[in-house]
């Protein structure tokens with residue numbers, strides 16, 4: 045190989061190396077430019093991901109708080125439901141006790157109140173009333189008895205009266221002094237009696253027996269008093285004080 049050929053080969057080799065270096069630098073430049081572009085894009089994506097992560101964490105926290113609030117509300121509602129069920133059970137127990145009490149004391153009441161209570165209880169027992177409706181009905185019958193006990197009431201009705209020939213249906217005027225005492229007098233004024241609450245219930249006592257219980261030597265004063273009471277009840281503007289004998293039966297309250 046000649047010196048000229050060696051120089052030419054060397055020059056060619058340097059050219060190729062230079063060209064390769066230029067190509068590498070160009071590729072490096074492109075890679076750096078691409079990296080810068082990608083880096084910015086990646087940074088933007090990272091920023092977005094961080095924002096999404098923060099938003100998701102906030103959403104999870106809100107969901108957790110909401111779940112906690114829902115759980116707390118559910119717990120409160122469960123407690124309220126349990127309390128309502130317990131109250132319902134207690135009301136049912138009280139209703140049962142009230143019914144037993146009413147059945148026990150009903151025979152002790154005057155016949156007109158007994159009839160009202162019997163009608164009310166029949167309605168309650170035969171209708172699908174709720175506990176609150178039953179309590180309202182029972183309150184109503186207690187109220188009727190209380191109002192009856194606070195006044196003098198007259199009730200015109202047919203009544204079975206013992207007579208010399210047996211028993212006879214007569215139209216009488218019953219005069220009630222509250223819940224514990226009453227008198228009656230027939231329309232012809234020949235028959236009278238007293239009613240009172242006794243140990244085993246309401247009891248009527250007629251004519252001679254009534255006269256004996258009242259300690260009367262004569263019927264005339266009682267009949268006159270009853271006639272005056274009837275007149276006052278029929279015409280309240282004529283109200284006046286009237287003496288009328290009563291006979292209260294001894295009652296052992298523990299046996300009621």
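Numbering (this note's numbering), first residue to last: 45 to 300.
Idealized CB from N, CA, C, for every residue including glycine.
Here residue 266 is not near residue 257, since their CB atoms are 9 Å or more apart.
Counting along the chain, residue 242 sits inside the beta strand (DSSP E) bounded by residues 236-242.
Taken in chain order, the complete beta strand (DSSP E) segments of 3 residues or longer contained in the stretch 236-285 are 236-242 and 245-250. Taking the Cβ atoms as the reference, residue 198 lies roughly 16 Å from residue 214, outside the contact range of under 8 Å.
Ranked by how close their Cα comes to the Cα of residue 225, the residues 290, 75, 109 and 137 have 290 in first place. In this structure, residue 138 lies away from residue 150, with their beta-carbon atoms at least 9 Å apart. In this structure, DSSP gives residue 290 a state outside helix and strand, which the three-state scheme calls coil. Distance check between residue 188 and each of 223, 167, 205 and 208 places 223 closest, using alpha-carbon atoms only. In its chain, beyond the 5 residues on either side, 263 have a beta carbon closer than 7 Å to the beta carbon of residue 255. According to the DSSP assignment, residue 184 belongs to the alpha helix (DSSP H) that extends over 175-193.
In the same chain as residue 273, and ignoring 5 residues on each side of it, the C-beta atoms closer than 6 Å to its own belong to 219 and 286, in chain order. Distance from the CA of residue 164 to the CA of residue 110, rounded to the nearest whole angstrom, comes to 51 Å. DSSP places residue 230 in the strand class (E or B) of the three-state scheme. The three-state secondary structure of residue 157, taken from DSSP, is helix.
Non-local C-beta neighbours of residue 216 in its own chain, meaning closer than 6 Å and more than five positions away in sequence, comprise 203, 228 and 230, ordered along the chain. The alpha carbon of residue 206 has as its nearest neighbour, out of 107, 73 and 251, the alpha carbon of 251.
In terms of CA proximity to residue 235, 248 leads the group 241, 248, 242 and 181.
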